[in-house]
Amino acid sequence: MPDWPSTRALLQTKIALDMKKMKYNLLLAAFPLFAAVSCGVDDDDFTASIFDTTTSAVDATSATAPFDQWLYDTFVVPYNVEIDYRYKLQESGIDYQVTAAGYEQSQAMAWLLKYLFYQPYEEVLGAEFLRQNSPRQFRFVGSYAVATDGTVKVGYAKDGILVSLRYVNGLNLDYGNWTESDIDALNTMYFRTIHHEFGHVLHMRRQIPSAFRQLTASTYNASGWSGLADAEAHAMGYVTPYAAMSYEEDFAETFSSVICTSDEDWMTTIIDATANGMLSDDRNKVMTLIDSLRIAGLDDASKPWNNFTANGVAYTSFRDYLDNVPVVTSAGASAFGLLQRKVEILSDWCTTNWSLPIFSLRTNVQQKQSDINDFMRDEVAPNIFKLQ
């Protein structure tokens, strides 16, 4: 990983501080992003709707009726998905200590789920695509799931059908005043998991190309991936350490990374992947990938990728760095070449099988993240329901 002058810690936020107070052995420290998420997809029918939308299931006498009706109208009817924020012991698991999601935090998370997941896909592909393919249920849990041995699960997904989002009570409710770190934490704790699981749903319906499976087949490690640092994974041609677990996880991680990963973190990945050398024609591919990802301010001197140290050499220009990367002759020795090819195969697969322009989806999501303070202040805050 390049040595930025001011290294950003993704979780130096309210979430991170609360995690430290828990004094548990967090799996997050060892596993990147959502490593504690259980993955897989079964043979769910995924019909047009699995919920009865002809009559409302909302109890009008409940103290939470206004929010429940909003959830029904916003998610069940248009997208065929249920949002469950009420605590259920039998569904949360008796082996873990958890707390219920707060009422206001659940509302904020539901708004964010609509804004950062459902709206982008609908705007790019249409609501029918979501009705047919999105997860069938999201479950909100207030805390992390703390096991008796002190380990913590930050998220859980089952068969691409159910996605459980933990630590919803850690959401920043200071509407309109979110920092870049808050947005990073939002992706780290929630939305990378969601897009990752959605990637699994899609590849179970349309097979992962054999070309993708073969690119780094010799370095997948079902148990050893957890010992990799981010920079080590990047230098092997993976977007994250978890991607090194298997080709299925590699595909889902690449999918979610294209959509969610920030410009700065993508530039870190590219620098790590090129540091040990690249093929003579990789330089053009680097610039093509940067253009595809719509990374802004490539030559902006204030950006960290224009002021960093790599392999003991200080650079004040990413372009200068790229000009000094050693040239290798073996395709297998170019980690960037492997990574770039994975992104290229993924993009082609999305277009061919789903008519999904994944880079356009990324642009949509990244723009919404940039506008998130306006959204939280103008759309969410005025529409939070109070208990009746």
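Last residue of the sequence shown: number 402 in the working numbering, and the count goes up by one each step with no gaps.
Ideal Cβ positions, reconstructed from N, Cα and C, are used throughout, including at glycine.
Note that the structure is predicted; figures quoted are calculated from it, not measured.
If you follow the beta strand (DSSP E) that residue i is in, where does it begin and where does it stop?
i      : result
Asp388 : Run containing Asp388: none in the beta strand (DSSP E); it sits in the alpha helix (DSSP H), 386-389.
Leu179 : 176-179
Arg5   : An answer regarding residue 5 cannot be provided, because it is not within the stretch 15 to 402 covered by the chain.
Tyr329 : 327-329
If you reduce the DSSP assignment to three classes, tell me which class residue i lands in.
i      : result
Ile97  : strand
Met292 : strand
Tyr458 : This structure leaves residue 458 out entirely; the chain is present only between 15 and 402.
Thr366 : helix
Ala310 : coil
Gln111 : strand
Ala161 : strand
Ala287 : helix
Thr233 : helix
Thr268 : helix
Val300 : helix
Phe322 : strand
Val341 : strand
Gln257 : First, the residue type needs correcting, since residue 257 is Ala and not Gln in the sequence shown. Residue state, collapsed to three classes: helix.
Ile398 : coil
Asn186 : coil
Pro92  : helix
Kindly indicate the opening and closing residues of the alpha helix (DSSP H) around residue i.
i      : result
Phe226 : 224-229
Ala79  : 79-85
Phe212 : 206-219
Pro134 : 133-139
Tell me the rounded alpha-carbon separation between residue i and residue j.
i      : j      : result
Phe332 : Tyr261 : 31 Å
Asp277 : Ala74  : 46 Å
Ile304 : Pro223 : 23 Å
Arg150 : Val95  : 5 Å
Leu401 : Ser76  : 9 Å
Thr88  : Gln121 : 12 Å
Gln111 : Ala249 : 38 Å
Ala236 : Tyr256 : 9 Å
Arg220 : Arg227 : 14 Å
Tyr335 : Phe205 : 32 Å
Lys299 : Asp196 : 32 Å
Tell me, to the nearest whole angstrom, how far the beta carbon of residue i is from that of residue j; I am working on the premise that it is less than 8 Å.
i      : j      : result
Arg355 : Leu229 : 6 Å
Ala225 : Ile359 : 6 Å
Leu353 : Val253 : 7 Å
Val91  : Leu370 : At roughly 24 Å, the Cβ-Cβ gap does not stay under 8 Å, so Val91 and Leu370 are not in contact.
Ala287 : Gly238 : No, Ala287 and Gly238 are not in contact; Cβ-Cβ is about 19 Å, not under 8 Å.
Asp296 : Ser348 : 6 Å
His209 : Ile273 : 5 Å
Check whether chain D comes within 7 Å of residue i, counting only Cβ atoms and requiring the distance to be less than that.
i      : result
Arg227 : Absent here is chain D; the protein component of the structure consists of one chain.
Contact between the segment 376-388 and the segment 324-331 (3+ Cβ pairs under 8 Å): no
query: Is the number of C-beta pairs between the segment 119-138 and the segment 199-213 that are closer than 8 Å three or more?
result: At 8 Å Cβ cutoff, the stretches touch.
message: Three or more C-beta pairs under 8 Å: does that hold for the segment 172-186 against the segment 235-254?
response: no
message: Could you check whether the segment 261-270 touches the segment 282-302, counting it as contact only if at least three pairs of C-beta atoms, one from each stretch, sit closer than 8 Å?
response: no
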